[in-house]
Every structure is written in structure tokens, then in C-alpha cells.
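S.K.:
Residue numbers (my numbering), protein chains in the order written: chain B, 1 to 511; chain R, 1 to 328; chain W, 1 to 498; chain A, 1 to 100; chain S, 1 to 586.
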């Protein structure tokens, strides 16, 4: 563990945003925005530099306080974390730029929401911390930072609906965290360590481990709005301010997924069964169908987009069954692991870009029209072609049409599905695409329709539209470096690994 | 004998928790919550976790309790009945509605029961992992403090603690956000009961000293930044209650400085040493003790300020006129 | 495979770049827009001609970009692809002219022309794709690029048509996606022409291959408008005439048909397909579609709708030809790709011109239109006879090869289908011709929307005459070296030599 | 039966009670209290292990974790309370009414 | 070059004349010029050419029978073209007429000079569809009806035709028409292919039972068009048959008998039906059917073997030649009685008489010649029933005479102009009379060996002055004329209809329509039912739209989502998920 190169970046990635956030509190609203934006650009730049650093040096670590685990905390930045951080950086920078124009445009009426900036920086720090963390308890703290700042951002608009949704979100988040923490407590009790690397070596299968796995999984499922627990997501995401919605759906939910994936892959391998993976996959599959269908049935733009997040997160869960090898399958022969991992990573990235763009576009529309009932989208294509373009491109990525990132992810997912022989997931992937196409094109259809009556239309800063469009394009551009990226990711320990399923009933309760 | 006490305490805790949630009146709930917190604090003491006990009593039971109490003034002013009961009286639910509620509740109960059984089995069968006591003991001398909990908090796992201070500040920001208010609105003035003011005036220095003691003592024994901070925070709250809105008097920049000092200094210090080539939050063993003390003190001040401000802000919400819906 | 050339990319760029640039122009910069459009179109035609010449000299043009292991974006040039690309680019040039004339003074022209260019980019991309996944990429790209064109008018009808259009095409795309992934999983990256890969799998994975074939077919069948996946086509008739023309003649339906050709000949290989008995169902479906489309066409009064159902019917000729083993039928299928294109585009141009000049949209309004627009309707009539399969027009040639191929293969029922279709073609097309030339105009209804010296705007007239002449020439000079037929024959012969 | 065992069982019970409260309680405040009870259960679990693993003194790490945890939980709860009060002020609602 | 000019010139003429304004002279001349290459080819032996660029490789060449027919066709088109030039000079739609006329001409020439399937079919189709414009030319309701039936039948024929060609080409392995008869003789499905061709071309020929469009369509066209329709174009079908028939190579008794019997049925039946018509052109149309029947018989006996193709086919062509010129003369003549007055009428009647006699086969006309050919071959054939055929042939001479006398009688009823005038188109008519007469007399058209075969080497003059032949030819005609005169003289026998034909023209058509009407209705209903069923049922998107646009659907899904958003249900979900996962992890 300690033989890996040390780098200051992990510490900076968490420290700097919070420092800037703290600093920004001293400024007046306008200054807060300036400092916040600067901080965002700085953090984004830092994230990208860190990504490059990892590309050059391989996995880097930062031993906080100089205390080795298990007593101390280790920040570890492997290629997987680096990619997530890099993604957060890019998406974050664009959303920040958008937010800058967005809030400036409404400064006069709403005061410009200066709190956005420190909260967003806190959120960013939390995300970076989460991706870097190698410690179960520290993960808890980071998800709490993320959770609180996310809810705070979600209620920032001050609207009643947002606040009710925010409270629901917050309660769900707390419940999820507590469940997670319960699992952490049990793990600590049974192993005496919190460090993921050590845990992998010392964790023994047994009733406690299984239970800990259960509550941790469920807790994280709640936080990432996995299928039966998606209840908080659509209202919260849809009622927030546009840049916030973008942040929440593009980045925040991914955090919980990231932990869940890492814990399953790196820590709890000893007690995971093939069929458990199937259940997670099933939850994902239902989420895909249900979320897409619900999105299809919604009448307001942001609700559509929010429900769509539920579905898109479902795809993420669907890689779990592929990563667990049925009893008797040798890890060496499982050639579907790499595609499945690629699918997961790409789905995260593609969704981050596309959904961010989608929400930002929704924000533009709301700014222009004053509301986002889908009926009012009529004739938008001629009034705001760039925004419609952004929606179209982002939507295409969500659907998974080539050559978007979403396509790449679905390609890899399907490939994994076929290679592993778990063909029953394939129809779900397709049905999901199909339904997604349903709502995406419902929007476009309206955008191209001629307006029945001319609604008042406020002009929107061009910068907003450019940000949304660039993000949408980003969801396509991520495919270009795919080969290199996969190669890079393969240097991470987790990437491409699978869990050997324990034999049914073999090891449970034999203590 | 001690087992019996523990058993009784355990049963009491569970009972209080149950009652707290089952209580018909909200005020009952809140009081039971106080009691629950205290019972839990007792349990901490029984388990040898005095630091935790103090924190629990001060923050979880004390601070939260005060906030809940304060909230009581808000909710359902006339009758403290549960909302659903009130509504049930106002418009009697149809048979279907009750039925539709009953079944899910039964299912929930069943689920909870099974969950409990499984959870009990799991905790019961937890293998002995050994903990980190030995490691902590071994490294304690290098940490610069003598109290192991403080060592863990402010040195071994300083990162967590730093983040946690951040969470408190974040909580404050979040509450601002929840209020839909701007950061720069100063807390208003509360009631002015002369007797109360006297009591508050009297107790302020006492609390301050006790807090300082706890803070300093934290180096060697139970106590530390959080505990001190709660006491100092209590001062702020009481002053606020007494009509001396602390943060209203201070210049804005000062208030902000106080709020952010703990977090900021902690981090800047960490960065300074990092610039030297060390890791973040790595203190040279020689100066560790004093640095930790400074950090702790500043953290305590900031936390106290944050708690005060939180209280003040939450408290103030009710007085604020219904804000015009900001159209987004 | 080793040589990499940017020329294929340049061919794509010749329409992609104008498309993007047009999007950046202002709505009122119509001269510049037209210039860009035409420049791109001409550039594309010349580039393709250049590449074609190079190809005939034996040069290889391949562009490869690896996205991931086993996932390659590959453009390569082969005869079939060039054949299709030539068709696309030439008709694009013509249609661009037509569209400039058609949309003169219309709304949203920037958007229209931009997507128009993107659409042809996709079409050329399909033609030049070197492997299945690249094909799929452009196949879907095409769906998207055509959507704004279909809903261009923005009326409720148009928008609803767009909805149906998308449901079908996206559905087809999704299914195709499944097939593509399945193929990759089973056989690895399959480049077009590497039929030996599938052939080597046939002994072990026959059932999977069979299923995959039909999955592919279902995916491609949507665009090729094979029954029961054809409904989108008549509905998307609400689009402006140049779009319908391009959609029906070149871009969309042809993409499907072209895909089927690729699937059977270049992926599975005709030998394997025949050996596994995959072709009979395709033949039956195609045959049914041919008759079905014709019957439906009988009942349409909307001019373009009738043409659309006719397309449903006609495009299936290609599938039918593919499904009949034998050089002749294959050549017929491949050449029909072009012949149907030029004939149908002529018809749509004519329909569009009539609608644009006199406001007639229904067949019942067309009485005597031949007198007023003799050149337009003359071209239309030529195309009609071609469709029926009368010589010496292009349609005859393909039908002749198909019929002969069917006889050669012993599939006499196919001949019956062809005959039935011819009869039905006559039954629904000749009334139009009859009305146009032999009925007296209802005088009170005749009012010309735009007046001018010519029978209609020059830009509407020239394309229709040109394509009309094309369809005549493609038949009359069919035996000439370099004619569509001769190329198609060469392609088909290659398929059977492999 | 040792002390920690009693408390460890208690911790599970408290967690379950808290969870039940989160799901079943109607009033915002009760839900918030329920989350704190949940947290209490979890912290009790930690501290019980600390006591189990005690040498000369109890395991300090869980203590530190719990202190951190409590503060975090309280911060969240305070935030939740603020939100709840705000909602009540704006709408007069004391519980989720399940409309969107 | 000349081969292409044969086709291109008529097309050019068509376009040129289409732009010639009404009332301008010269269109007739243009048409005549357009026929010159064809006439040249008909007279001079020009070796064939190959046009590799044309269609599926075009080959153009002629053999004797087709040269004869080309000559006939050239003459007829020249005469009809010249005729039309003045006949329709002031017609408002002359341009249109000329266009179709020229196009038809091109088709007619083209199909005769084509030596391979594709171009043959091309020009056949061109002729068929272009002549639609001629049939519908007058735009009267009856013309429209006739045109419609013509078109339907034409397409019907084309379908059989193309099938026959597919099969024939496939079994021949070559597109050359010359390769087809041997291939059919070899192929096991040869008779079937020929039968298809028989039906396909039979439509054009007007063979029983496919003739019914003919009495409607031919009279509907203006006189010059009728002339070429009945004189030249009708022979295109015959050419088609000749291309397919493996004469002398096979012994197909049933097909042979079928053709012979159908031919005689046409010969006699059509004559009888034609007699009871009241329109002279209809009468002539039936006569055409009747005469084509004779040719059918001739070809039919060829299929029984024994008679070499080089003998039989020129003979048929010559028969066609005679009939074509005479029939064209008569058809053009129908336009005359109303316009020709005074002494010119004498000439007119003489010409018409010659035409009638030629068809009937009177001595000194080509009719005798050709009838003798028929008789010879009927006598030679080994087909059972040869004597009966001879009898029937003789009988047909009687009926033909009756039919054509009836034609003259019908013309006679037309009121003549009182002045002594001849219309400008009288001249072309006379020219045709001369040309037809002269070429009929000439033996040069026949190959010498056939000539020898017929005349038993005695030379042509011996044939013409054979008393027996003349007598054999003369008595049926005399009988017919006598019968006609008698029936007109004596009122008791005069049951000739005057206003309404006893049998409506296109006799069989009415039966078919009567019988077919309910079937057609049923069919249409069925198809439209099918159509609507397909419209509603087979569009999955419609079902989906109905589902997704339904208020209830959105309500249900919204309430389901609301349910999932309730904390209780979240809890239930939580525990279900928990327990399932728990069980799965054990």
C-alpha cells in the first residue's frame, strides 16, 4: 500500500474547494459568485491535472496525517477514481459556467442565489473526497457532506415544492447513511479495521458480514435512488434550480453508485452470491423500465428529465449481475467483465454529460418561457435552436444511439450480457432505449411543432445555451478516447475484476 | 448486578425510543426524546465512553432537544395532536382508506420484525475483530496528546474531524438555504424576559469556564472541542434567548471569521505542512500538542458560533413573514 | 486493410461540413447557404467519382479509427458501397437544386438544409461503412438527421408523423443494435466481405446465427419498410416533397435495403444464407410486402401517399431479389437500388411540383395537369411506366433480372408476385396518368399559385426532367459499360464467386 | 452476558425502532427524531465494540467516530428541522401528503 | 444506321408533329418520311446489327416473314400517316394524335426489327401503350370505355407475355428470339411457355376468346388509326406467336388442335357476329378477328410438325400482308362515303370492292393467292381432320363475303355529299390501293423455294390461270354475294339490323362483365376490407398511441408512482428487498 507514489493532489482536491468555499463566505453576493466561479475553475483544473498525474504515474496515494491505515486514513487515487474525478471536473466546470450566467441573469429578481457557490464547492469537495476515500467511515462523512450540500442546493430556490422534496430527500439520505453506518459499525466490530484495502484481506464471510453487506447495499441503494427507493429523486431533482438539478443528477447520485460498486467488488466479495447480483440487476431492470415509462408519462420537462435519471441509474445497477461469476466459472475465462465495467463507467460519464446538458437546457427553457410545461415547448426549435439541439444530442446519448457515450455504454453492456450468457437482460436494455426514445422525441416533436399561440419569450444569455450544447457534445466526445481510456482504467485494481460467487449456502453461518 | 443495571438501562432506552415515536402529542415526543438522549448518555458512560456521553448529552439530546422544543412553539399551536388525527377528526376517512393503511402497516411491521431478528443475529454473532486499541496505544505518544480519543479525533483521523467541522458549517449554510434567506440577514431579537436575562447573565461566565476546562482537559481525558463548543454554543443560544443577539452586534466580517475560523485554520495549517512536503494534517510530533490545542480551540469557537447561529436562524424562521414565492 | 486514407472521411465531410456551417449561418443568408449546399454536393459527386476511378485502378481507401478493442469505426470503399454512394450523391445534388427551388421563401430553411446535408452524410456513411458497427452508427445517424426534415412543416400532422416515424425507426435501430452486438459477441468484429467468419461458425452456432439473421432483418426491415414494419413510411409523407423524395428514393428506405444486401452478401455470404435456409422467409415477407403495398396504394387519394405505398412495394423488390439465390436476381436487386431511386425521386419531384405550382395534393384534382405541366408529367409518366416494369425504362431492367432470376432459381411463385405487382402498379399508377393526360381539367379549380414563363419554377423543373431522363437512360443504355446494370452485375458476380 | 452484549443487542433494537419510525411516523419532527434514534442505535453499536475491544482503555477509534457521527447526524437533523419548519410556515403541512 | 432510323424517325416525327399547330400542312409528309427506313428495310435485305449499348444488348435483323410484315407495316403507316395528315388537319387535338401515332409507329417498326427479347418487348409495349392514346382519342364516353378495356386487356396480355418471355429466355439461355423456338422444342415446359405466349399475344391478335376488346377499340380510333390498328398492329401479336412457335420442330397435337379450332371458331363466329353490327368499323373489326383466325389456324397446323418453318411462316406473313393492306384500305375507306361525291364515288366503290374481294380471296386478287397458300398447307398437314378444315375454309369464304358485303351495304347507307368532291385524303387512299394491290400480285415477296412449293414448279402465271383454283375461289364468293343481294332485295329475308346491332360489339365482354361484376364487387369489397383491417390492426404504433394517450394510463401510472413515493411503501419495498437479498445471500 505504501509503496505507491504519494501525491499532494488527493488532499488538494478535497481541501481546495472547501477553502475557497470558506473564503467566499466573506464576500458580498457578487463577489461570492466571482470567487465561487474561480474556485470552480480551479477545482476543475485541479481535477484534470490530477487525472493527468494518474495517467502518468499510475495509482497515487496520500496518507493523511502521515498515519498509515488502519489507524489513519488513506486517500487513494487509482485510475477509476481519477476518471470519475476528471469527469466531475469537466461537467462541474461547465455547470459552474452555466450557473454564473444563469444566476447573473436573475440577480435582479432573486438576488442571484449567492449561497449556490459555497454549497456547490462543498459538494464538489465531497465528491472528490468520496472518489478518493479508502476508508469506510470516511466514506460516510463524505456522503454526508454530499448529501447535505445536495439537499441544501436542492432547496435553494425557496419554492415550497422544492422544500418538501428536499426534506424527503434529506430524510431518505439520512436513513440511507445510517443504514450504511450500521454496516460500517458491524464491519469494524468484526474486523477492527476500516480501510478498504485491509478489509479485503481480513473480512471473513459470516452472518455479520452478510448483514453488513445488506444494510450497506440498501443504504447506498436509497442514496443512489435504486429502484424501489427512487421516490425522492424525481421531485427533488425536478424542483431544484437548473444548475442544481444538473449537478444532482449528473454527479451526486453517481457517488453512491461508486461506493456500492467498489464495496461489492473490493470488499464484500467473500459473501456475495450470483443470485444476489441478479436481484440488484433486477432492481436495475425494473428501474429502467419504470423510470422510462414514468418519464414518458410526465407533463413537465424537468419531471421528465428527473424520471429519466431513475431509468439511467437502473442501467448502472444492471452491470452488477455481470460482475459476479456464477459458481464454477473461472475469473480468467470471464471475458465479459471488462465490457461490463466499461459499460458502467461509460454509462456514468455519458449520463453525467447528457443529463447535465438536459437539465441545463430545461433551465434555459424555463428562463425563457417562465415555466416548463411540455406543451409550451412548441415551436422551440425555431426560437432556440441551440437549446433544442442540445436536448436532441443529449437525448440521443440517453437513448444510446451511436456514436454517443450512451451508445458505447449500452454496447458494452449488451456485449457483456451476451458474453456472459445472461441474455435475459438484453430485452430490458432495448426496451429502455425504446422508451427513452419515446420521451426524448416527445420533447423534440413538440419543439418542432408550430406554436398554437405565441407565448411571451424572454431572451436568454447565449453562454447558457453554449454550455448546454457543449455538455451534450461531451456525451459524444467521450467515445473518442474510449480505447485509451479503457486501457487506462485497466490499470485500476477493481476495473475488470469480478467476484467469485460463493457456493449457495456454503459459508453462511459456519462460525 | 452491573448486568442488571445495564439491562434495565437498555430496556429503558428502548422503551423511551419507542414511546418517543408512539407518543400522541408532539410535546411528549420531544420530552421523551430528551429523556432518551439522557438514557443513551448513561449508556455511553456505562460503556466507558465519557466523551461520547458528553457529546450526546450536549449535542444530540441538548442542542437537538432545544431545537425541537423551539420547534414545538411552531407546530400545531392549539392542540399538539398528531396531524393525521386532527385531520381524521375533521374529515372522517372512508373505510377503504383505513383499510389501505392497515395492510401496509402490517406488512411493515412484519418486515421490521424479520429485520430485527436478522439484525440481532448479526450483531450477536459479530466476530471479535480486536479493534484498533492496540494501534492507538502504540502511536499515542507520537500524537502529541494523551487522551486517545482526542488523538484519534485530531490527529489520527483529523481528516474526518476536519470534514465534520465542515459539515457543521455546511449545516449552517444549508439552513440558510432552507430558509430561503440570504446569508447576510442578521438574526432578529427574541423575547425579553427580565428574569431570564438575569439568569443568563449569571450563567454565561460559568458555562464559558466550564467549556474552556473541557477543552483543555480534552488533551488528557474526556472532553474536547465538541464538548466545549456545545457549552459555548449554549452561551450563545442563551444570550440570544435573553435578547442579546450576539451575531447581530458583531461586525459581519467578524461573525464570519468566527464561523469559519475553525475549519479554515485547520485546513490552512494542514496545507502549510503539506507545503513543507508532509501529508495533509501531518504535524511534527514536537509541536503536535500545541497545534492540536490551537486547532481545537478555534474549532470549538467556530462550532459554538455555528450552533448559535443555527439556533438563531431556526428560531427566527417563524417570525419571518411568509416570503414571496420566488419564481424560478 | 493497412493503408489508411482520409478520402472516405473527406467524402463524408463534403456534406457534413456544409451542414454544420449552414447551421451556423443566419436564416436570411440564403445565397451563401445555397452556395454551400451546392458546393458540398458537387464536391461530393466529384470526390466519389475520384474514388471510384481510383478503386477501379485497384487502389484501396480505408479509414480506420479504433474506439475500443473489437469496436472499430471503419470506412472502406468497395464496389457496392461506391455504387450506393454514387446514387446518393448524385441524387442529392439534384434534390438540393429541387429543394432550393421548392423551399424558396419557406420557413426554417437553415435547419432544413443543414439536416438535409447531415442526412446525406449519413447516407454516404452507410454506403462507405466498412463494418457492421460503422454501418449501424450511420444507420442511426440517418434516423436522427431525417427527423427534423420529416417534421419540418411543424403542423400537428407533421409532428405526429414524425412521432410514428421515430417509433418505428428507433425501434428498428434498437433491434438492430441487439443484432450487431450479438454478431460481435459471436463472431468478433465483422468487416463487410469477410463472409468466411460466419461460414466458420456455422457448424457450431447455427441456431444463434439464424436468430441473429432475423434480428438483423427486423432491424433493417423497418427502414426497408418491409411488412409489417412499413407504417411509418406513408405517414411520413407529410414532409416537404424534396424530403419525401430523398427519403423514399435514397436515404432511408435504401439504407434498409442496402443493409439487407450487405447482410446477406457481405456478412453472411450467400452460400451460408442459402445453406441455412434463411432466405425463404425473407422472400416470402418481401413478396407479401410487394403485394400489400400495392393493394394499399390502390386506395390512396393523396398523391404522395399513393407514391409512398408504392415505395413500400417497390423497395421490397430489392429484398426479394436478395432472397433469391442467383446472380441474375442479385443483380436485379442491386440495380433496383438505383433504378427505384431515380424513378421514385422523379415521381416525388413531380408530385411536389404539382403541389407547389397548382396546389393539388389529391389525385382526384389532377385532371388535365399533363397539359399544363407537360414536362413534369412527362417525366412522371416515364417513371410510372418504369415502375410498372415496361421497357425501356429503368424499372423494366430490374424487373427483368428479378423475374429471370426467379425463374432460374425455380421460384415460379416469385414471378407470379412480380406479375401481380406489375398489374397492381398499373392499376394504381395509370389512373394518375389517365387523369393527367386524358381528362379535361375542372376549370374552376385550376388556379396557378405562382405564375411564370415555364410550366413551373426552373429549379423545380430541371431536377424532375433530369431524373426522368436518368430513369429513361438507365433503361435504354442498360447494357452499356458503366451503366448501373453493368456495375450491379459485376457486384453480383463477385458475390457469387466468393 | 457481558455489558457490551446487552448494548449491542439494544443497538440493533434501537436501529430497527428508528427505521420503523422513519417509515411509519407521519409528523416531520417524529421522522427526524426517528433518524436520530436510528443513529443512536448505530453509535451504540460502535461504542459497544469499543468496550469489547478495550485494553487499558476502551478502543478510542469508535469513540472518535461516534463523536464525529453524532455531530454529523445533528447537523443533518437540524437542517431537516429547519426545512420542516419552513415547510410548515409556507404551507401549514406537518407531514408528507404524498402528492407530487 | 437505318435500323435506328427506323425507330428514331417515327419518334422524331411524333415529337415534331406534336408541335405542329392545328391546321398546318405537312404532318402527313413527315410521317411518310418517317416510314421510309422501314420501307427500305422491307424491300432491301440489310444485314442485322447489334447495339451493345441498347437495353440488354439490342440486336436488330429481319427474316423473310418479318420483312414481309415490315413492308406491310411501312406501307400502312405511310398511307395512314399521309391520310391522317389531311384527315385530321383541322382537328384541335391533332398534335396529341400525332404524338401517339408516331410513338405507336415507332413501336410497331421496332418490334418487327427486333431480334432479341428485350427490345422486342420494349417496342411491343411502346406500341401497345402508345396506341391507347389513339383509341381514346375522340374522348367520347364509348371511346373512354373502349380504351379502358383495351388497356386492361393489354396489361393482361403483357403479364402473360412477360412470363412467357422469362421462361423462354431462361430455357433458351439467350435473349435472341431466334434461339427461342428450338429451346421451346427441347424444354419440357415448352408447350406451357408457348401457351402463355399464345394467351399473351393472343390478346393483341384478337384470338378467341380474348378478342372482345377489339371490336370496341379499333372502331373507336379515328380512321387512320383504325387502319393501322387493324391492319398492322394486330399483326404484332402474330409476330410474337411466330417468334415463339417452334414450327416444324415439334409435334404438339393438343396445342395444335386448340389453335386450329380456336382459329376456325374465330373465322366463322366473328364473321357471323360482325354481320349483325350496324357500324361499318365494328363490322371490319370483326372481320379482322375472323381473318386473324385463319392465320391462327395456319400457325396451329405448324405446331403439328411436318411443315418447315421457312415455308409456313412466310406464308402466314403473306396472308397477313394481304389482309393488312386490304383491311387498312377498308378502314380508311370508312371515312370516305360521307366526303366523296359525284364521279369520285365510282372510284371509291371500286376500290372498296377490290378490298373486299381481296379479303374474301377472289380471283385476280392477292386474296386468292394467300387463300391458296392456306389451302395448300391445310391439305398437307397430317393433323387429323384435314378435310374438314378445307371445308371450313371454304365456308369461311362464304361468311367473309357475306360479312364484307354487309360492310359495303352499311357504307352504302351513309349519305353522300351532293357535290362532285374528293377530300384531300382520298389520294393516300388511292395510293394505298395501288400499293397493296401491286405487292399482293408480286411473288417477289416470297422466297423462291416456297414459291416453287406452292406452284409445284409451274411458275406463277400458271397458278393465276388455273381454272380449277379460280372456280374454287369464285363460287363461295358468288354464293355470298347472291345471298346478300337476295336478303336485301326481299323484305322477308331482310333481317339486317339498322339501328342497333343484334349482338353488342365486344359480345363476350358483356357476358364477362355481367358475370364478373359481382365478382369484381366482392373482390373490391374484400380488398377494401383488407385495407381497412390493415390500417387499423396492423399498425402497432396505433395501439401504442391509444394506450399512451389514454387518460387512464397516465392516471394509473401516476398513482402507482405516488404509491411508491409513500414512506410506508418505501419501507415495504425496503424490507422486501432486504429479505430477498438476505435469502439470496444465504
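Ideal Cβ placement from N, Cα and C applies to all residues, glycine included.
Please confirm if residue 544 of chain S has its CB atom under 8 Å from at least one CB of chain R.
M.R.: Within the fifth chain, numbered from 1, the residue matching residue 544 of chain S stands at position 544. No, residue 544 of chain S does not count as interfacial toward chain R.
S.K.: Determine the chain R residues that contact residue 23 of chain A at a beta-carbon separation under 7 Å, and present them in chain order.
M.R.: For the purposes of this step, residue 23 of chain A is taken as the residue at position 23 of the fourth chain. Within 7 Å Cβ-Cβ: 108.
S.K.: On the DSSP letters alone, give me the boundaries of the beta strand (DSSP E) that residue 167 of chain R sits inside.
M.R.: For the purposes of this step, residue 167 of chain R is taken as residue 167 along the second chain, with counting starting at 1. Looking at the DSSP string, residue 167 of chain R is not in any beta strand (DSSP E); the run it does join, the alpha helix (DSSP H), is 158-179.
S.K.: So, are the CB atoms of residue 251 of chain B and residue 130 of chain B less than 8 Å apart?
M.R.: Within the first chain, the letter at position 251 stands for residue 251 of chain B. Within the first chain, the letter at position 130 stands for residue 130 of chain B. Not in contact: residue 251 of chain B and residue 130 of chain B (Cβ atoms no closer than 8 Å).
S.K.: Just checking my contact of residue 471 of chain W with residue 352 of chain W at CB under 8 Å: how many whole Å lie between their CB atoms?
M.R.: Translated into positions along the third chain, residue 471 of chain W becomes position 471. Translated into positions along the third chain, residue 352 of chain W becomes position 352. The pair is not a contact, with the Cβ atoms about 16 Å apart (cut-off 8 Å).
S.K.: Tell me, please, whether the CB atom of residue 46 of chain R is closer than 8 Å to any CB atom in chain A?
M.R.: Against the second chain, residue 46 of chain R aligns to sequence position 46. At least one chain A Cβ lies under 8 Å of residue 46 of chain R.
S.K.: Extract the residue ranges of the alpha helix (DSSP H) inside the region 1-57 of chain R, only unbroken runs of 4 or more that lie entirely within it.
M.R.: You should have 2-22, 26-46 and 50-55.
S.K.: Quick check: what's the CA-CA separation for residue 413 of chain B versus residue 344 of chain B?
M.R.: Stepping through the first chain from its first residue, residue 413 of chain B is reached at position 413. Stepping through the first chain from its first residue, residue 344 of chain B is reached at position 344. Taking the straight line joining both Cα atoms gives about 8 Å.
S.K.: Report buried or exposed for residue 356 of chain W, applying the criterion of at least 16 other Cβ atoms within 10 angstroms of its Cβ.
M.R.: For this step, residue 356 of chain W is matched to residue 356 along the third chain. Label assigned to residue 356 of chain W: buried.
S.K.: Looking at chain A, which residues of the region 169-181 of chain R have a Cβ within less than 8 Å of any of its Cβ atoms?
M.R.: Taking 8 Å as the Cβ-Cβ cut-off against chain A, the residues of the region 169-181 of chain R that qualify are 170, 171, 174, 175, 178, 179 and 180.
S.K.: 8 Å is my cut-off, CB to CB: does residue 189 of chain B come that close to chain A?
M.R.: Residue numbering aside, residue 189 of chain B sits at position 189 when the first chain is read from its first letter. By this cut-off, residue 189 of chain B is an interface position.
S.K.: Can you give the Cα-Cα distance for residue 281 of chain W and residue 325 of chain W, rounded to whole angstroms?
M.R.: Stepping through the third chain from its first residue, residue 281 of chain W is reached at position 281. Stepping through the third chain from its first residue, residue 325 of chain W is reached at position 325. Going from the Cα of residue 281 of chain W to the Cα of residue 325 of chain W covers about 13 Å.
S.K.: Given that a residue counts as buried once 16 or more other Cβ atoms are within 10 Å of its Cβ, and exposed if not, what is residue 64 of chain W?
M.R.: Taking the first residue of the third chain as 1, we reach residue 64 of chain W at position 64. Buried, because 16 or more other Cβ atoms sit within 10 Å of the Cβ of residue 64 of chain W.
S.K.: The region 570-581 of chain S: which residues have C-beta closer than 9 Å to a C-beta of chain R, in chain order?
M.R.: Here the close residues are 571, 572, 574, 575, 576, 578 and 579.
S.K.: If we cut at 8 Å on Cβ distances, does residue 413 of chain W have a partner in chain S?
M.R.: The count along the third chain starts at 1 and reaches residue 413 of chain W at position 413. Chain S, which has no Cβ nearer than 8 Å to the Cβ of residue 413 of chain W, makes this no.
S.K.: Would residue 143 of chain S pass as a contact of residue 100 of chain S if the rule is Cβ separation under 8 Å?
M.R.: Looking up residue 143 of chain S in the fifth chain gives position 143. Looking up residue 100 of chain S in the fifth chain gives position 100. No, Cβ-Cβ distance for residue 143 of chain S and residue 100 of chain S is not below 8 Å.
S.K.: Does the beta carbon of residue 42 of chain A sit closer than 8 Å to a beta carbon anywhere in chain R?
M.R.: The residue you call residue 42 of chain A lines up with position 42 of the fourth chain. No, residue 42 of chain A does not count as interfacial toward chain R.
S.K.: According to the Cβ coordinates, are residue 390 of chain B and residue 468 of chain B closer than 8 Å?
M.R.: On the first chain, residue 390 of chain B is found 390 positions in, with the first residue counted as 1. On the first chain, residue 468 of chain B is found 468 positions in, with the first residue counted as 1. Cβ distance < 8 Å, so residue 390 of chain B and residue 468 of chain B count as in contact.
S.K.: Anything in chain R within Cβ reach of residue 138 of chain B, meaning under 9 Å, just list it in chain order.
M.R.: As a working note, residue 138 of chain B is residue 138 in the first chain. Going along chain R in sequence order, the residues near residue 138 of chain B (Cβ under 9 Å) are 157, 159, 160 and 163.
S.K.: Rounded to the nearest angstrom, what separates residue 157 of chain W and residue 393 of chain W at their Cα positions?
M.R.: Looking up residue 157 of chain W in the third chain gives position 157. Looking up residue 393 of chain W in the third chain gives position 393. Residue 157 of chain W and residue 393 of chain W: Cα-Cα distance of roughly 35 Å.
S.K.: Can you pull the chain S residues whose beta carbon is under 9 Å from the beta carbon of residue 228 of chain B, in chain order?
M.R.: If you number the first chain from 1, residue 228 of chain B lands on position 228. The contacting residues are 564, 569, 570, 572, 573, 574, 576 and 577.
S.K.: Residues in its own chain within less than 6 Å of residue 20 of chain B by CB, not counting five upstream and five downstream?
M.R.: Position 20 of the first chain, counted from the first residue, corresponds to residue 20 of chain B. Counting only Cβ-Cβ distances below 6 Å, and skipping sequence neighbours, we find 39 and 121.
S.K.: If you draw a straight line from the C-alpha of residue 348 of chain S to the C-alpha of residue 317 of chain W, how long is it?
M.R.: By 1-based counting over the fifth chain, the position of residue 348 of chain S is 348. By 1-based counting over the third chain, the position of residue 317 of chain W is 317. Computed Cα separation, rounded: 57 Å.
S.K.: Beta carbon of residue 489 of chain B, beta carbon of residue 79 of chain B: below 8 Å?
M.R.: On the first chain, residue 489 of chain B is found 489 positions in, with the first residue counted as 1. On the first chain, residue 79 of chain B is found 79 positions in, with the first residue counted as 1. Yes; because the gap between Cβ atoms is below 8 Å, this pair is in contact.
S.K.: Could you give the uninterrupted runs of the alpha helix (DSSP H) lying entirely in the region 37-115 of chain S, keeping only those of 4 residues or more?
M.R.: Entirely contained in the region 37-115 of chain S, the alpha helix (DSSP H) runs reaching 4 residues are, in chain order, 64-87 and 94-113.
S.K.: Looking only at DSSP bridge pairs, what is residue 66 of chain W linked to?
M.R.: Here residue 66 of chain W refers to the residue found at position 66 when the third chain is read from its first residue. W/72.
S.K.: Whole angstroms is fine: what's the gap from residue 108 of chain W's alpha carbon to residue 162 of chain W's?
M.R.: Against the third chain, residue 108 of chain W aligns to sequence position 108. Against the third chain, residue 162 of chain W aligns to sequence position 162. Each residue's Cα considered, the two are about 17 Å apart.
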